[in-house]
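**Q** Submitted below is the structure of interest, expressed as C-alpha cells.
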Ligand SMILES: [Zn+2]
C-alpha cells in the first residue's frame, strides 16, 4: 500500500421496475496517508581515522587527509566499519549497548486509560505474535487482554533491547491473535494528519443507521483475503496452517491436564 486517493464504494443489487441490477454506490473518497514516519537526522558515513567521507565502490576507499598531512588511503569492506555522524553537527551516532550480552530481558507493564491514550498517534513500527508456556503466564496474559478489550485500558510493555528501547502495546488483533505491537516512540514520530473516531455518546439512532448500512454490505469470504498478482508467481499454493495458532484457553486447559 502507498499514499494515494481511493474511492470507497459498494456494489449493491438495485431493483429497477422488477429487474435486479448491480449498482456501484459511492461511500467515501479517501486519501490514504502514512500514519507516522520515523524522524531521522541527515547522517554521513565517515572514515574513523581521518573523518573524510570515503568513496563507495564495492567497498569504501578513503581519499581523506590525516592530521599530519599524509593521505589517509584507508579501505573498508562494509559500511558498519565507518563512523556515522549527524551531517549538520558532526555528532557521532554511536549505538550504545543497553543490555549485556546474555542478559535476561525484564519488560515492564503499564496501563493507560484508552481515552487518555487517544491523544497520541500509535503508528506501528513492528507487529509480533507471542506464545506462552506456563499456566501462570497464560492466566495473567488473559487478564491483561480482558483489561485491554473490555475495560478500556491500553496495556503498554516497555523494555531495553540490545541497542534500542522498545515500546509496545499488548493487544488482540482483529483475528483475536495476541500481539505485541511495537509503536514508534512519541519523540521519534512525525505525525501525519489522520482521522480519529470517538465512540462515546452514541444514540440509539446512530446504531440503527450503522446496522442498516452494514446490512447492505456483501459478506466477505476467504477469497477477499487472497491476492492474484505478481507476488504469487513461483509460490506453491498452500493452505493456511491453523494448528500453529494456539488459543489461550486451550493452552490453559492443556497445562491443567499435564499437571494432573
Ligand atoms: Zn580516512
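In our numbering, the protein residues as written are 1063 to 1322.
Glycine residues also receive a C-beta, built at the ideal position from the N, C-alpha and C atoms.
Bear in mind that the values here come from a model prediction, so they are computed numbers and not experimental data.
1. Could you give the C-beta distance for residue 1246 and residue 1100, rounded to a whole number, given that I count them as a contact under 8 Å?
2. May I ask you to check if the CB of residue 1145 is nearer than 6 Å to at least one heavy atom of ligand 1?
3. Take the Cβ of residue 1098 as the centre, count every other Cβ of all protein chains shown within 10 Å, and call the residue buried at 16 or more, exposed below.
4. Helix, strand or coil: which one does DSSP assign to residue 1178?
5. Is residue 1230 closer than 7 Å to residue 1242 when the C-beta atoms are compared?
6. Have a look at 1225, 1285, 1233 and 1260 and flag the residue whose alpha-carbon is nearest the alpha-carbon of residue 1333.
7. Pick helix, strand or coil for residue 1077, following the three-state DSSP scheme.
8. Restricting to Cα atoms, I'd like to know which of 1290, 1147, 1238 and 1275 is closest to residue 1105.
9. With ligand 1 as the reference, list in chain order each residue whose Cβ lies under 6 Å from any of its heavy atoms.
10. Here's a check: name, in chain order, each residue in its chain whose Cβ is nearer than 8 Å to the Cβ of residue 1013, leaving out the five neighbours to either side.
11. What residue from 1092, 1081, 1211 and 1084 has the CA that sits closest to residue 1236's CA?
12. When DSSP builds the beta bridges, which residues end up paired with residue 1154?
13. With respect to the alpha helix (DSSP H) encompassing residue 1267, which residues constitute its N-terminal and C-terminal limits?
14. What do you get for residue 1185, buried or exposed, if any count of 16 or more other CB atoms within 10 angstroms of its CB means buried?
15. Note down the Cα distance separating residue 1141 from residue 1096, rounded to an integer number of angstroms.
16. Report the option in 1200, 1189 and 1163 whose CA atom is closest to the CA atom of residue 1315.
17. Report buried or exposed for residue 1269, applying the criterion of at least 16 other Cβ atoms within 10 angstroms of its Cβ.
18. What's the C-alpha gap between residue 1319 and residue 1310?
19. At 4 residues or longer, and completely inside the segment 1177 to 1242: list those alpha helix (DSSP H) runs for me, N to C.
**A** Considering the structure as presented:
1. 6 Å
2. no
3. buried
4. helix
5. yes
6. Residue numbering for the chain in the displayed model covers 1063 to 1322; residue 1333 lies beyond these limits and cannot be assessed.
7. strand
8. 1147
9. 1109, 1111, 1112, 1114, 1124, 1126, 1134 and 1136
10. In this structure the chain extends from 1063 to 1322, so residue 1013 is not present and cannot be described.
11. 1211
12. 1147
13. 1266 to 1277
14. buried
15. 29 Å
16. 1200
17. exposed
18. 14 Å
19. 1197 to 1212
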